[in-house]
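Trainee: Per the numbering used here, residue 139 is the first one in the sequence shown, and the count goes up by one each step.
Every residue gets a Cβ at the ideal spot worked out from N, C-alpha and C, and that includes glycine.
So that we are looking at the same thing, I have put the structure below in structure tokens.
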Amino acid sequence: MNEIKYKTNPIAGIIALVFIVFMIWLVFNFVKGLFSILSFLAIPLFILAVIFNYQVVGDYFKWIYTLFKKEPAKGLLAGAGTVIGYPVVAAYLFFKAFSNRKIAAKKEEKKPGEYIKFEEMEEDEDFLELPKIPGEKVIQKQSRDQNKYDDLFS
Numbered sequence: 139m140n141e142i143k144y145k146t147n148p149i150a151g152i153i154a155l156v157f158i159v160f161m162i163w164l165v166f167n168f169v170k171g172l173f174s175i176l177s178f179l180a181i182p183l184f185i186l187a188v189i190f191n192y193q194v195v196g197d198y199f200k201w202i203y204t205l206f207k208k209e210p211a212k213g214l215l216a217g218a219g220t221v222i223g224y225p226v227v228a229a230y231l232f233f234k235a236f237s238n239r240k241i242a243a244k245k246e247e248k249k250p251g252e253y254i255k256f257e258e259m260e261e262d263e264d265f266l267e268l269p270k271i272p273g274e275k276v277i278q279k280q281s282r283d284q285n286k287y288d289d290l291f292s
């Protein structure tokens, strides 16, 4: 029996490891840059969230308060997460307030107003009557005696 031996290059494993470390470094720097941009914009985003829909911000802090009352450990974690991740929370509150404002504007647009003008179309009486097709084929059911499929199991 012929055996084929593949020679593996030990440098290939090192290159793969370096590539994985590079990708992790790249993702880390991307997230760090995104977080620094959000931390720079956090206060204006928070102010805009209050301007767009102040109830969103109030509801968020009410949610943390009720979470703290019901389950103090989770409430403390949510509060600490809010303080540590304030740029992400500010962006989330801004997005939620902005989207709620847009949805409310769309609902206002769709409020019933004037009726739409329309014309009555004349209906033809024979519109849905289909002509008879000459020489319709009648489908015959296959009898059980001619069915050779059952013969496979006997």
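Using only the alpha-carbon positions, how far apart do K244 and I153 sit?
Mentor: Locating residue 244 in the sequence shown gives position 106, counting from the first residue. Locating residue 153 in the sequence shown gives position 15, counting from the first residue. If I take the Cα positions, the gap works out to 54 Å.
Trainee: Just to confirm, are N238 and N191 a CB contact at a threshold of 8 Å?
Mentor: By 1-based counting over the sequence shown, the position of residue 238 is 100. By 1-based counting over the sequence shown, the position of residue 191 is 53. Yes, they are a contact pair.
Trainee: State the Cα-Cα distance for the pair L172 and P210, rounded to the nearest angstrom.
Mentor: Translated into positions along the sequence shown, residue 172 becomes position 34. Translated into positions along the sequence shown, residue 210 becomes position 72. Their Cα atoms are separated by approximately 31 Å.
Trainee: Grab me the residues of G196's own chain with a C-beta within less than 8 Å of its C-beta, minus the 5 sequence neighbours each way, in chain order.
Mentor: Numbered from 1 along the sequence shown, position 58 holds the residue referred to as residue 196. Excluding residues within five positions, none has a Cβ falling inside 8 Å.
Trainee: What is the residue span of the alpha helix (DSSP H) that Y123 lies within?
Mentor: What the structure shows of the chain is the stretch from 139 to 292, and residue 123 is not part of that stretch, so it cannot be assessed.
Trainee: Counting pairs of beta carbons, one from the segment 199-210 and one from the segment 142-157, are three or more of them closer than 8 Å?
Mentor: They do not touch, by the three-pair rule.
Trainee: At the 8 Å Cβ level, is A235 part of the contact set with chain B, yes or no?
Mentor: The displayed structure is made up of one protein chain only, and chain B is not part of it.
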